[in-house]
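*Asks:* Sequential numbering from 82 applies to the sequence shown in the numbering used here. Every residue, glycine too, gets a C-beta built ideally from N, C-alpha and C. Predicted, not measured: the structure shown is a model, and the values here were computed from it.
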Amino acid sequence: MQVIIVDTPEEAGRVAAEEVAKVIRRVGPGVVLGVATGSSPLTTYEALVDIVRSEQLDLSQASAFALDEYVNFPVDHEQSYTETIRRTVTEPLALDPARVHLPDGLADDLAAAGAAYEQAIREAGGIDVQIMGTGSNGHIGFNEPGSSFASRTRPVKLAAQTREDNARFFDSIDEVPEQAMSQGLGTILDTRTVVLIATGEGKADAVAGIVEGPVTAMVPGSILQFHPDATLVIDAEAASKLQHLELTRDLRK
Ligand code: GLP
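1) Could you tell me if F307 is buried or exposed, where buried requires 16 or more neighbouring beta carbons within 10 angstroms of its beta carbon?
2) Please work out which residues of its chain come closer than 7 Å, Cβ to Cβ, to L270, disregarding the five sequence neighbours upstream and downstream, and give them in chain order.
3) Using three-state DSSP, classify E150 as helix, strand or coil.
4) Looking only at its own chain, which residues have a Cβ that is under 8 Å from the Cβ of R249, when we skip the five neighbours before and after it?
5) Count Cβ pairs between the stretch 104 to 115 and the stretch 197 to 210 that sit closer than 8 Å; are there 3 or more?
6) Take T125 as the anchor and find which of Q264, E159, L140 and P173 has the nearest alpha-carbon.
7) With a threshold of 7 Å (Cβ to nearest heavy atom), would N247 be considered close to the ligand GLP?
8) Compute the beta-carbon to beta-carbon distance between L152 and P258, rounded to the nearest angstrom, for a pair I have assumed lies under 8 Å.
9) Would the beta-carbon of T243 be found less than 7 Å away from any heavy atom of the ligand GLP?
10) Whose CA, out of K322, L313, E318 and L326, lies closest to the CA of M82?
11) Taking DSSP as the reference, what is the three-state secondary structure of R330?
12) Note down, in chain order, each residue of its chain lying with its Cβ closer than 7 Å to the Cβ of G119, except the 5 sequence neighbours on either side.
13) Just to confirm, are L187 and V156 a CB contact at a threshold of 8 Å?
Below you can see the structure in the form of structure tokens.
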């Protein structure tokens with residue numbers, strides 16, 4: 082795992098977008114993007130739009146798979162992940178909406194919907210680069226503490242901490258869904274490249290657990306220590322609880 086320390090969320094976006102762009106340039110028009118909601122990747126999407134425009138990268142055949150979606154939640158609600166991804170990723174990057182996929186949180190059979198999502202990822206050739214943030218408890222996607230390292234896309238319960246963190250997007254915490262469909266830790270481990278963005282003091286414990294371990298299901302992001310190509314782009318606040326930065330810090334910054 083490599084750690085790149087930046088000064089601001091905007092710089093995090095520029096650095097992370099460059100990591101993503103390297104994959105897009107290498108793979109070409111059929112690139113398969115892994116995309117995420119949350120505030121952390123927003124500056125990355127913005128910077129990626131700039132790179133795609135200035136280099137005229139062809140994303141017309143690109144596809145995208147989101148990490149997660151709420152269960153039993155209207156997909157046309159502005160806080161659904163379907164809407165969030167449309168607003169922050171699909172439209173700004175001018176992706177073909179038919180090639181942008183989210184797990185089906187409205188399916189009668191959620192387990193079957195999870196299996197179908199895994200199948201769709203496989204048929205697309207697997208995810209080339211996964212952009213993501215982390216929850217304050219170290220979750221990735223909606224894989225909460227205790228998630229199996231072998232998990233695949235499936236229905237999950239949201240941790241109380243996550244519902245509290247996400248309450249800011251709703252009028253009250255009671256409106257925050259209790260369940261979601263999430264790619265599993267096994268799904269995420271299969272992606273070819275991971276770029277994780279985390280900024281602010283609220284992510285310092287999660288980042289310390291993810292980078293310095295121990296690898297434990299209680300900090301789901303710590304499984305990224307087993308990922309062959311994972312980069313964390315973080316600011317000084319998010320890095321403030323790392324003890325061994327001299328070993329993990331990328332030499333470019
Ligand atoms: C949600 C998403 C995660 C995201 C997390 C952090 O829980 N399911 O994928 O990483 O929010 O959000 P933020 O980046 O806004 O702190």
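*Replies:* In terms of the structure at hand:
1) exposed
2) For L270, where only same-chain residues beyond five positions count, the Cβ hits under 7 Å are I304, F307 and H308.
3) strand
4) none
5) Touching, yes, given that three or more Cβ pairs across the two stretches are closer than 8 Å.
6) P173
7) yes
8) As written in the sequence, residue 152 is Val, which differs from the Leu given in the question. V152 to P258, Cβ: 6 Å. Contact.
9) yes
10) When each option's Cα is compared against that of M82, the closest is L313.
11) strand
12) G214
13) yes
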